[in-house]
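Visitor: Got a structure for you, written out below as structure tokens; questions coming shortly.
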Amino acid sequence: LAERQTMQLPPWTSHVLIRAADHNNPQAPLFLQQLRNLLQASPLADEKLGVLGPVPALAPKRGGRRRWQILLQHPSRVRL
């Protein structure tokens, strides 16, 4: 558990994973990048908000669709 605390992983932080998928590969990562920019510019964002990505999902292609994701993390579940 000490290692999880050092790495800021649950239960010490809360995570939200947002996925986007599209047949047209450039559309999903562009959407997630725009979402990331909006979140970071939001008045609710603070220095504790972590936004990782967009990155390809662990199974990047499923059903003919390319899947991308961003991970939001914050110590406060309410802020997420």
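In this text, residue positions in the sequence shown follow the numbering used here: the first is 50, and each later residue adds one. Positions of the beta carbon are idealized from the N, C-alpha and C atoms, including for glycine.
State the Cα-Cα distance for the pair Gln76 and Val127, rounded to the nearest angstrom.
Guide: If I take the Cα positions, the gap works out to 30 Å.
Visitor: Mind checking whether Pro59 and Gln82 have CB atoms under 8 Å apart?
Guide: No. Outside cutoff.
Visitor: Using the C-alpha atoms, what's the distance from Trp117 back to Phe80?
Guide: Taking the straight line joining both Cα atoms gives about 10 Å.
Visitor: Taking only the alpha-carbon atoms, compute the straight-line gap between Leu107 and Arg114 and give it to the nearest angstrom.
Guide: Roughly 13 Å between the two C-alpha positions.
Visitor: For the alpha helix (DSSP H) containing Arg85, list its first residue and its last residue.
Guide: Note, Arg85: alpha helix (DSSP H), Gln76 to Ala90.
Visitor: Thinking C-beta only, is Leu120 closer than 8 Å to Leu129?
Guide: No.
Visitor: Going by DSSP, what residue range makes up the beta strand (DSSP E) through Gln122?
Guide: Counting along the chain, the beta strand (DSSP E) containing Gln122 begins and ends at Arg114 to His123.
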